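Numbering (the working numbering), first residue to last: 98 to 243.
This is how it looks when you write it as structure tokens:
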């Protein structure tokens, strides 16, 4: 009777070890949907809001006459993006003024034109800070003719 109990205990430990080992191996081979995400997945998720940093208020003369006064906030991807955006803020401000002042009243007065300006800013600002900006937000947008 003692031998049978000892044998069952050893067999049970062995089977438990095989099951645990198989589970560990399969968890490395088969990705689980609830596993941790990599930074790339977080960056590409449009539903996750990144850190926001106010770039400031800009008043510029428009190409061909008129004026634009706008306030811009930038959305980064993560804390590292925020740090880089802050370090490059003077360059980002300069690029923003250049892009805004090159626009005409026809662009700023149309909703489609504002989206084109947003795209131009996003492209230009990302060139300045190595693609660390997820979005450009206009928190105010006022234009006038003269």
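Positions of the beta carbon are idealized from the N, C-alpha and C atoms, including for glycine. Everything numeric in this text was worked out from a predicted model, so none of it was measured.
**Rounded C-alpha distance that separates residue 146 from residue 186** = 20 Å
**Asked** In terms of alpha-carbon separation, which member of 158, 154, 242 lies closest to residue 170?
**Response** 154
**Request:** Kindly list the residues whose CB is nearer than 6 Å to the CB of residue 232, restricted to its own chain and excluding five residues on each side of it in sequence; keep chain order.
**Result:** 172
**Prompt:** Could you give the residue range of the beta strand (DSSP E) that holds residue 233?
**Reply:** 230-241
**Asked** Cα separation between residue 195 and residue 144?
**Response** 31 Å
**Request:** Starting from the C-beta of residue 203, find all residues in its chain whose C-beta is less than 6 Å away, skip the five residues before and the five after it, and write them out in chain order.
**Result:** none
**Item:** residue 174 classed as buried or exposed, judged by whether at least 16 other C-beta atoms fall within 10 angstroms
**Value:** buried
**Request:** Starting from the C-beta of residue 188, find all residues in its chain whose C-beta is less than 8 Å away, skip the five residues before and the five after it, and write them out in chain order.
**Result:** 225, 226
**Asked** Under a Cβ-count criterion, where at least 16 other Cβ atoms within 10 Å of its own Cβ denotes burial, should residue 322 be classed as buried or exposed?
**Response** Since the first and last residues shown for the chain are 98 and 243, residue 322 lies out of range.
**Request:** Determine the DSSP secondary structure at residue 161, reduced to helix, strand or coil.
**Result:** coil
**Prompt:** Cβ atoms of residue 230 and residue 223: under 8 Å apart, would you say?
**Reply:** yes
**Message:** Please classify residue 200 as buried or exposed, where buried requires at least 16 other C-beta atoms within 10 Å of its C-beta.
**Reply:** It is buried - the Cβ of residue 200 has at least 16 other Cβ atoms within 10 Å.
**Request:** Put residue 201 into one of helix, strand or coil per three-state DSSP.
**Result:** coil
**Message:** DSSP has residue 167 in a bridge; who is on the other side?
**Reply:** According to DSSP, residue 167 bridges with 155, 238.
**residue 147 - DSSP class collapsed to helix/strand/coil** = coil
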